[in-house]
Amino acid sequence: MAVITLPYKYLERLTCTDRKTILKNVPLIGSDVERTEEDHADVEFFPDRPDLFSPEGVARAMRGYLGLETGLPIYPVKPSGISFSIDPKLADIRPVLGAAVIRGVTFDDESIQSIMSLQESLHWAVGRGRSKVAIGIHDLDAVRPPFRYIAAPRSRVFVPLDYTEEMTMDQILEKHPKGRDYAKIVKDFPLFPLIVDKDDNVLSFPPIINGERTRVTIDTKNILLDTTGTDKRAVNVAVNIICTAMAEAGATIESVEIGGVQTPTLAPAERIVNVKECSRLLGVSLTAPQMAELLRKMRFGAEPADADNVKVQVPCYRADIMHDWDLFEDVAIAYGYDKLESRPPKTFTVGKPHPVQVNAAFAREAFTGLGYLEVMPFTLTSEDVLYKRMQREERAGVLHVMHPISIENTVVRTELLPLLLEFLTLNRHRELPQRLFTVGDVVLDCRTHQQAAGVSSHPDADFSEAYASADAVLHELSIDYTVEESKDPAFIDGRRGNIIVAGKTVGVFGEVHPAVLTAFELEHSVAAFEFDLRAVPGYPAL
Amino acid sequence: MAELTQNEKRLLATLEKEKKTDAPHLAGLLEATPEAVVQWAHLAQDKGLATVERIVAKEFVYTDEGKTYAEKGLPETQLLRFILPGTQLANLQKHEAFRIGFGQLRKKGLVTVEGTSVTKVAGASTDADETALKNPAADDKKTKELMKRGILQECETVRYAIAITPEGLALAKKGLDLREETGTLTREQILSGAWKTKNLRRYDVSKLPKKAYPGKIHPYQRIIGEMRELLLEMGFTELYGGIVQQSFWNFDALFQPQDHPAREMQDTFYLKETLPLPKGYEKVKAMHISGGETSSTGWGGVWKEEKAEQCVLRTHTTCLSIQHLAQHKNPPIKAFAIGRVYRRETIDTTHLAEFEQLEGIVMDEDVSFGNLLGILREFYNRMGFTSVRFKPSFYPYTEPSLDAEVYVEGIGWIEMGGAGVFREEVTAPIGINYPVLAWGLGVSRIAMLRLGLKDLRFLHKSDVAFLRETPSLRKAKGGI
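Chains as they are written, first to last, in the working numbering: chain Y, 242 to 783; chain Z, 329 to 808.
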């Protein structure tokens, strides 16, 4: 999530209202106020609205929402006369380039910080960590057009930002902090993307680092914006968001020529939306003029096309408007969620529990009737708990998660019993007897099913208790079973049995092996059993 | 007043006559040991019916040697009696008391030896010693001497004087039932009717009971069960499905772009296993690339089958809802699931890598965003939250989207879950032609608040004492 710092004074000046009004209303357009400080507030905006990742963008939206300035904001663009060429060899590396010239900026430390943070938020939300889009901001007056976006040999040298010495691009990936952070995006390409000026001065090695030469300072008056990436739409959105934010701050925007096309245009996109469809979706009754007015509050250009339709101009910075319903959400926000009539649907339906959960409830009832206490262990565990301590072989169908968070969470459980023993370990200091059970999901070969297991720990726990308890629970679930001697190494030889249903082993019971008890650091004997709930007659197939 | 035991009654009845006496005497009368009598007397004392006075006395007792002397006289006394005028030392030496007695006589200067004969001095007497032996006294010099010689020993004796109080006397005067008490009734006593004449022992209800621990449902499972019942009451069908899901159903079918951050390795548990894509997956693919046949633009870019085939531990239960919809296209559909979901989070007191999520969907002709607000309001009200409010939010597969907040006394407004209308990009490719309202909430969050837990892990690594102590019936106040 993007948390944006909003300095009150700047925001008040841009919004033309006071901070109290802003803070009260900013959550109503979709945000969470994280904290309020003496001179600023930190506000979290959703990733689908990168146009709100700057004080300028927030002010633009707030002016509309508060009715101070509604409708489509217009951003004039004139050609700068500057051009870019693109090296065809970049086609498989990083083919898309967007650029713009931003003139007449007045920077101070705070506003430089503000644009840097907008850039970083865009890298995260639109750029997917710079892989899809990377943005560079340069002092235009430090270099000479025309500019070239080329695929350069990795041995090419220049002075990267924050350094004084020349480095090769390979060295930058190895030594520069940004190089190390983002090396994975480019390191497999034979040539690296590079932006140079007429005199071969390096502006940028996208998506890694800019050159030191074009560093933006408080003396910078004119900016060259470069945006490179793999996705044309995302690159354009990033350019549009930065340009319109800078324009809101008072700068003028000029286009550049890339491959014969002037860009950006900052022109809106058009959509015709149906008023009835919107009313139906929201559950309100709107007319075309009402809907147009609500949309203008959200800074869209909107006029009724006829009684049933509204013609909408979508500002170039609204990356999230993909579908008509995206506009309908803005209508709802402008209308106010709390003003919408909330009423449950009228259709009559009958509730129906899932048979798996019905069976689980019966199993729980049987266990609690026997005095067993329910526990709900985690489903992620380790091979050590599941197999090694149980003296069991690893199951063939066990699933290993690819990037576990710790050695205690490497596999999805295939049995419940080991987790119950772990529970006894956890509660060693508590009064005995302890009788614990659990009913829950296990996974084998990507398929989930439910099992039930119980343990009883006290000085007199033995085979007979395990057999009697297992028998009682199985009987309560109408499971017709037979028993044969088991070979499960988790139990003592001669004190273990397999539960057989229709010729298939569906469970096991017995007296837990002393070596297993020792492995779980337990001191008293444990009578235990576990079985597959799919043995319940008429169990649903999954 | 607390009930009297049978023995206390017998004691009081005896004391009624004796008034005040010592334990051994009472023991004789009650045919019990003095220790037992003292114990009963203490019980009666606790009820203010008797007093027990502990009397500690110092007493001199004879050692084994002393016992003989008490009978025969001290050795010196015996010798003194034996000495007559002209008694020969040799004769005297034959006396059994000579060894100790003669030394004593010499020491005390009661005899003189001249040549071979022994003579008493004038007025020689051991009377004072004998008196001390018969009646020892603590400050008597002779007694101390005898103690030094190992003839007398001093020891403490504890005596109990038991007396009846005026209250006890009043109670005894009213008459006490002194029949023998019966504890547990036997089968014979019940069948024969003998119980009618038995004096059934009365038990003291002011005492704490012995602890018994029932088997019971986990308090967290109870909360889950409560929500489940609530949704069944509201006419929803319960869903259940696998923990392992294809990325296709977990992400792609929900219009999550393949390069979405939530799909990255650091947020989702991936498995190396893959599953073949379902029939008709191409519609989802087309939706991602270009918006299919809807007014959507789609995400653009590329969509890779390999990415969709990869299995994950489900990151939400929405994957169950969408599969249910794909199989049930005719309205009305009202369904819910409560199931464990997985996020690759570092585990701490408020974050778990696996937790329960509740998810509900409603699909019908002409259901609206306003209906969604209505369902949520009803649902949260039934959970006990009387104040509910909504604000805009963002979820990749819903539009419009909202977050619901409820007011909790003492805490304030807290976020309870997200909701929205499934995007057409989600419903169109699986052939759903009606709006689908969907909402979800974190069940563990409510459980943590309700159970007053400071650590979420406690739900899954519970202390048995906590489970034993948490009552099954806990009335939630204001939803918590």
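Don't be surprised by glycine CBs; every beta carbon is placed ideally from N, CA and C.
Where does the unbroken alpha helix (DSSP H) through residue i begin, and where does it stop?
i: Z/A681; result: Counting along the chain, Z/A681 falls outside any alpha helix (DSSP H), and DSSP gives it neither H nor E.
i: Y/G681; result: No alpha helix (DSSP H) holds Y/G681; the beta strand (DSSP E) holding it covers Q675 to L685.
i: Z/H652; result: T646 to Q655
i: Z/S618; result: Y609 to S618
i: Z/H370; result: P362 to D374
i: Y/L801; result: There is no way to answer for residue 801 of chain Y, as the model of chain Y reaches only from 242 to 783.
Considering only the beta carbon of each residue, do residue i and residue j sit closer than 7 Å?
i: Z/I571; j: Y/V684; result: yes
i: Z/T361; j: Z/A355; result: yes
i: Y/A711; j: Y/F750; result: yes
i: Y/K373; j: Y/D472; result: yes
i: Y/A486; j: Y/G298; result: yes
i: Y/M617; j: Z/H644; result: no
i: Y/A546; j: Y/A533; result: no
i: Y/D565; j: Z/S623; result: yes
i: Y/T651; j: Z/G563; result: no
i: Z/L783; j: Y/R369; result: The sequence shown places Asp at residue 783 of chain Z, not Leu. Cβ atoms of Z/D783 and Y/R369: not closer than 7 Å.
i: Z/G698; j: Z/F664; result: no
i: Y/I391; j: Y/D289; result: no
i: Z/I666; j: Z/R556; result: yes
i: Y/L363; j: Y/I464; result: no
i: Y/T246; j: Y/H281; result: yes
Would you decide whether residue i is buried or exposed? Buried here means 16 or more other CB atoms lie within 10 Å of its CB.
i: Y/T468; result: buried
i: Y/Y613; result: buried
i: Y/C484; result: buried
i: Y/I648; result: exposed
i: Z/E752; result: buried
i: Y/E489; result: buried
i: Y/N739; result: buried
i: Y/E278; result: exposed
i: Y/C187; result: Coverage of chain Y is limited to positions 242 through 783, which leaves residue 187 of chain Y absent and any answer about it impossible.
i: Y/N481; result: buried
i: Y/T723; result: exposed
i: Y/G452; result: buried
Strictly under 7 Å for the Cβ-Cβ distance: is residue i near chain Y by that measure?
i: Z/L701; result: yes
i: Z/H788; result: yes
i: Z/G629; result: yes
i: Z/C639; result: yes
i: Z/E508; result: no
i: Z/T512; result: no
i: Z/H546; result: yes
i: Z/V533; result: no
i: Z/E331; result: no
i: Z/A636; result: no
i: Z/I617; result: no
i: Z/G394; result: no
i: Z/F597; result: yes
i: Z/A581; result: no
Please decide whether residue i counts as near chain Z, where near means a Cβ-Cβ distance under 7 Å.
i: Y/K265; result: no
i: Y/D712; result: no
i: Y/T609; result: yes
Does any CB atom of chain C fall closer than 7 Å to the CB of residue i?
i: Y/T588; result: Of the chains in the structure shown, none is chain C; the protein chains are Y and Z.
The beta strand (DSSP E) that contains residue i, what's its start and end?
i: Z/I383; result: A378 to Y390
i: Z/C639; result: Q638 to L641
i: Z/Y488; result: L480 to I492
Against chain Y, which members of the segment 739–773 of chain Z pass a CB distance test of less than 9 Å? E743, G748, V749, R751, E752, E753, P763 and L765
Residues within the segment 277–290 of chain Y neighbouring chain Z, beta-carbon criterion of under 8 Å: F287, P288, D289 and R290
Contact list for the segment 678–712 of chain Z against chain Y, Cβ threshold 7 Å: A681, E682, V690, D692, D694, V695, S696, F697, G698, N699, L701, G702, I703, R705 and E706
Residues, ordered as in the chain, of the segment 599–611 of chain Z that lie near chain Y by beta-carbon distance below 9 Å: L599, K600, E601 and L603
Determine which residues of the segment 308–330 of chain Y have a Cβ less than 9 Å from any Cβ of chain Z, and write them out in chain order. none
Selection of the segment 556–569 of chain Z by Cβ proximity to chain Y, strictly under 8 Å: R556, L559, L560, E561, M562, G563, F564, T565, E566, L567, Y568 and G569
With 8 Å as the C-beta to C-beta threshold (strictly closer), list the residues of the segment 555–587 of chain Y near chain Z in chain order. M563, H564, D565, W566, D567, F569, E570, A573, I574, Y578, D579, L581, E582, S583, R584, P585 and P586
For the segment 662–695 of chain Y, enumerate the residues whose C-beta is nearer than 7 Å to any C-beta of chain Z, in chain order. L667, N668, R671, Q675, R676, D682, V684, C687, R688 and T689
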